Amino acid sequence: MKVLVTGGAGYIGSVVVEQLLKHGHAAVVFDNLSKGHAAAIAPEAVFVQGDLCDRELLTRVLAEQQIEAVIHMAASSLVGESVKQPHLYFENNLVAGVTLLGAMLETGVKKLVFSSTAAVYGAPETMPITEDAPLAPTNPYGESKLAFERLLRWYDEAYSLRYVSLRYFNAAGASERCGEDHAPETHLIPNVLRVAAGKDEYVNVFGENYPTPDGTCIRDYIHVIDLADAHVLALHVLDKRSEIYNLGYGSGYSVAEVVEMARQVTGNWISTEAAPRRAGDPPVLIASPDKIMRDLGWNPRHSELDQIIASAWRWHQAHPNGYEK
Ligand code: UFG
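Going by this note's numbering, the sequence shown opens with residue 16, and the numbers climb by one from there.
In C-alpha cells, the structure reads:
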C-alpha cells in the first residue's frame with residue numbers, strides 16, 4: 016500500500032515509516048519539521064515538507080502520489096504543555112486534523128490510521144483499561160484527541176471513511192536508527208538517561224504522594240517498534256471496518272521503578288529530586304491490549320522494561336547530541 020504518514024519525521028512516526036518499508040509498503044512523509052528531524056526520515060521514503068493547515072498542498076500530494084491510506088501522527092502531544100496552552104492542542108490536533116480529512120475526502124482517500132492516546136480515559140479507577148472504559152480526559156491534550164476520534168465516527172457513517180484509532184500508552188525505546196530527540200525533553204525515560212549520561216545532575220520526580228505502592232505515577236511503557244508494528248497491522252482492517260484499539264502491554268512501572276531499572280541497565284547512579292505533581296497527570300495508566308492481540312494478532316516482541324531502556328540508552332550513546340541538524 017502507498018501510505019502518507021503525517022508526522023513521519025517525529026519520534027514515533029520515523030519508526031512507523033521504517034516498519035512500513037520493512038513490510039513492503041511505500042511511504043510518503045508529510046511533516047513541517049517543527050518537532051521532527053529530516054535525518055530521522057528513512058532514505059527510501061518520499062519527503063514533503065509541509066503544514067497540515069495547507070489544504071491545497073495536502074490535496075495535491077494525496078492525488079499526485081496516489082496515496083491509498085493515511086497514518087495521521089502529526090500532533091502536539093505534551094500533557095503538561097496542553098494544560099498551559101490548550102489553544103495549541105485544539106488548533107494542531109483538531110482543526111488541522113479536520114483539514115486533513117477534507118483533503119482526503121476531496122481526493123477519495125478513505126483509509127485512516129489515527130494516533131490517539133491513553134489520555135482520552137482521564138484517570139480511570141479500574142486497571143487495566145479496556146477500550147469501553149469511560150472517556151473523561153483530565154487535560155486538553157486528551158480532550159483534543161478524543162474530539163477528533165468522535166468526529167471520525169460521523170465521517171465513517173456519512174462518507175465511509177474507515178479509520179483505526181490507536182490509543183497509545185507510553186511510547187519508549189528506540190530502533191537502531193531512530194530514537195527520541197525532543198527539545199526540550201519532557202519524557203521520563205530520556206530524562207532519566209540524560210542524568211545517567213552526565214548531562215543533567217538529577218531527574219525530577221513529579222509527585223511522590225500518589226495513591227500507588229511507592230507514591231509515584233505508574234505508566235505502561237511500550238517499545239516504539241511494537242507500537243509501530245501495530246500500525247502496519249491496522250492498515251489491513253481498513254478494507255472492512257473502523258476500530259479503536261489500546262496499545263500497551265498490560266503492565267505498569269512507577270517512576271521510581273523506571274529510575275531503578277535505568278540505574279541497572281546503564282550501570283550509572285541516577286540522582287532524583289522530589290518535585291510537585293505535574294498538572295494533568297493521572298496516577299496510573301495501564302492498558303488492556305487484549306482486543307488488538309485477539310483481532311489483529313498483534314504480538315509484541317520487546318516488552319521487557321530493561322530492553323526498552325537499553326535500546327534508548329544505545330541510541331542516546333550513539334547520538335549524544337540527537338539527530339544531525
Ligand atoms: N515524569 C517525572 N519526571 C520527568 C518526566 C516525567 O517524574 O522528568 C513522570 C510524569 O509525571 C509521569 C511519568 O513520569 O508520571 C511519565 O511521564 P512522561 O512525560 O514520560 O509521559 P506522560 O505519561 O505524561 O505522557 C505520555 C505521552 C502522551 C500520552 C501519554 C499516555 O507524552 O502523549 O503518555 O499515557 F498521552
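Beta carbons: idealized from backbone N, C-alpha and C, even for Gly.
Remember, predicted model here, so these are calculated numbers, not experimental data.
Where do the N-terminal and C-terminal ends of the alpha helix (DSSP H) with residue i fall, by residue?
{"i": "G332", "result": "Gly is not the amino acid found at residue 332; the sequence shown has Gln there. Per DSSP, Q332 belongs to the alpha helix (DSSP H) from 320-333."}
{"i": "A111", "result": "111-122"}
{"i": "H102", "result": "101-104"}
{"i": "A211", "result": "203-211"}
Return the first residue and the last residue of the beta strand (DSSP E) that residue i is part of.
{"i": "V20", "result": "17-21"}
{"i": "Q64", "result": "61-64"}
{"i": "T153", "result": "Neither: T153 is in no beta strand (DSSP E) and is coded neither H nor E."}
{"i": "K126", "result": "126-132"}
Please name the residue or residues paired with residue i in a DSSP beta bridge.
{"i": "N283", "result": "Note: N283 sits in no beta bridge, so no partner."}
{"i": "V44", "result": "V20, F62"}
{"i": "A187", "result": "H238"}
{"i": "F221", "result": "A290"}
{"i": "Y9", "result": "With the chain represented from 16 up to 340, any question about residue 9 goes unanswered, as that position is not in the structure."}
Among the residues of its own chain, which have a CB less than 7 Å from the CB of residue i, if the five just before and after it don't count?
{"i": "I323", "result": "A187, G188, Y236, H238, H317"}
{"i": "N185", "result": "R234, D235, Y236, I237"}
{"i": "K160", "result": "N108, S131, T132, A134, V135"}
{"i": "R35", "result": "The question names Arg, yet the displayed sequence has Leu at residue 35. The answer, listed in chain order, is V18, A42, V247."}
Can you have a look at residue i and say buried or exposed, based on whether 16 or more other CB atoms are within 10 angstroms of its CB?
{"i": "A198", "result": "exposed"}
{"i": "D296", "result": "buried"}
{"i": "P155", "result": "buried"}
{"i": "K126", "result": "buried"}
{"i": "A289", "result": "exposed"}
{"i": "N314", "result": "exposed"}
{"i": "G267", "result": "buried"}
{"i": "W284", "result": "exposed"}
Output needed for residue i: all residues of its chain with C-beta closer than 6 Å, excluding positions within five of it in sequence on either side, in chain order.
{"i": "S29", "result": "A55, C193"}
{"i": "G51", "result": "A24, G25"}
{"i": "L167", "result": "Y178"}
Who are the Cβ neighbours of residue i in its own chain at under 8 Å, not counting the five residues just before and after it?
{"i": "L73", "result": "F45, G65, L67, T114, L115, A118"}
{"i": "A327", "result": "A187, G188, A189, G194, E195, I204, P205, L208"}
**Item:** the stretch 242-249 contacting the stretch 212-225, beta-carbon criterion three pairs below 8 Å
**Value:** no
**Prompt:** Is there contact between the stretch 296-310 and the stretch 222-232, where contact requires at least three CB pairs shorter than 8 Å?
**Reply:** yes
**Message:** Is it the case that the stretch 266-282 contacts the stretch 201-208, given that we only count it when at least three CB pairs across the two stretches are under 8 Å?
**Reply:** yes
**Request:** Evaluate contact between the stretch 166-179 and the stretch 135-153, counting only Cβ atoms and requiring at least three cross-stretch pairs below 8 Å.
**Result:** no
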